[in-house]
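Note sheet for the following structure.
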Amino acid sequence: MQTRESFAAALTQPSTRELPFLRPLLPAAGCFGYGEAYAGILDVSLFGAVVTRPITYRRRMVPQREGATVLPLPAGCLIAHPQTHPGLSSVLSQHRARWQALSVPLICHLSATDLEETRKAARRLDAETAVAALELGLPSTHQGSDRTRAQSLVSAARRRFEKPLLVRLPLQGALDLAPVCVQAGADALVATAPPQGALRDPAYGHRIHGDLYGPWVKAQVLPLVEELRQLVPVPIVACGGVHSLTDVREYLAAGAIAVQIDSLLWRDPAAVASLAEEINAEWDDPAATVARATLTRDGDGSTVD
């Protein structure tokens, strides 16, 4: 049996800050805006932290239809997210004050595509007092992500960012990339980014590439979380297919220290609030059996308690 004091999962680094997850649920990158998306609808204190939508160092303007393209599937949907980004400077100037006022830690999700931009963005975000941690999103395709490129990107961020560094793995190739990312300096791994797919848009007749969402994703990610817990000595944050309290419990039982919610936030924010309240009540129960994970990284490696 675990006591109330054992419920907080934390990422810890010597001579920097500790990142406690006092609640097990987090919004996944891209589902909560920059922390403002559900203001007045969802209480952020229900979550262990807030993860921002993906951020790029430079502004990116890509001509396209306004907003996301959503194509339904029998058990979920495909979403082609907008590829236009305002850039880090704009995000900081617009949202820094809001981040500083948050009652939970803020995790910035950085899209890692270019080495130099990753270095510059990591350095700037490390200097932001409102930023508690960085989640580095590796490039994701139907073929996964290249090991050498992934190692270079994680190393680039690690050298410039002294706070806790999480790395979000692509679903394809996650087991292959995980040890490389940990060796390069990842303090924790997020399993995983949404799987990729393509459908023909009935309105325009051309193929749309995007992220796949639905309850079925959990069947792919859950065994992966179990394998990752055996493969690498760092905490795992699970993400994919969470639509019920049972889903959260199963991820935690598989060894995840926290669980990110994605498409349910868009479909039914009220259901997310209810789910969070239920799982938080379980965590607050002194008789609950929830494992505690603490990451301590030194110069030679990592340990999980």
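The numbering of the sequence shown is my numbering, which starts it at 1 and goes up by one.
Even for Gly, the Cβ is constructed at its ideal location relative to N, Cα and C.
Just so it is clear, the structure is predicted and the values come from calculations on it, not from any experiment.
Residue nearest to residue i in terms of C-alpha spacing, selected from the options
| i | options | result |
| --- | --- | --- |
| Trp266 | Gly76, Arg59, Arg96 | Gly76 |
| Ala316 | Glu278, Leu88, Arg249 | For the chain, the structure presents residues 1 to 305; residue 316 sits outside this window and is missing. |
| Pro27 | Ser244, Ser90, Phe47, Leu134 | Phe47 |
| Ala258 | Leu264, Asp268, Asp247 | Asp247 |
| Trp99 | Gly240, Leu252, Gly30, Val51 | Val51 |
Rounded C-alpha distance that separates residue i from residue j
| i | j | result |
| --- | --- | --- |
| Ala150 | Leu177 | 7 Å |
| Pro223 | Leu153 | 26 Å |
| Val70 | Ile79 | 5 Å |
| Pro286 | Gly210 | 43 Å |
| Val234 | Cys181 | 11 Å |
| Glu227 | Asp146 | 20 Å |
| Gly173 | Ser140 | 10 Å |
| Ala188 | Arg168 | 9 Å |
| Leu136 | Phe32 | 17 Å |
| Asp43 | Tyr213 | 24 Å |
Buried or exposed (CB count within 10 angstroms, at least 16 for buried), residue i
| i | result |
| --- | --- |
| Gln260 | buried |
| Ser103 | exposed |
| Arg4 | The predicted model places Arg4 with a pLDDT of 29, which falls under 50 and marks its position as unreliable; any figure quoted below should be read in that light. Counting Cβ neighbours within 10 Å, Arg4 comes out exposed, since fewer than 16 surround it. |
| Ser15 | Here Ser15 scores only 43 on pLDDT, less than 50, and its place in the model should not be relied on; the value that follows carries that caveat. Counting Cβ neighbours within 10 Å, Ser15 comes out exposed, since fewer than 16 surround it. |
| Pro194 | buried |
| Pro170 | buried |
| Ile236 | buried |
| Ser263 | buried |
Residue i - partner residues in DSSP beta bridges
| i | result |
| --- | --- |
| Gly76 | Leu73 |
| Arg200 | Arg207 |
| Gln260 | Leu26, Cys239 |
DSSP state of residue i mapped onto helix, strand, coil
| i | result |
| --- | --- |
| Ser103 | coil |
| Val91 | helix |
| Val242 | coil |
| Leu111 | What sits at residue 111 in the sequence shown is Ser, not Leu. Looking at Ser111 - three-state DSSP - the assignment turns out to be strand. |
| Ile279 | helix |
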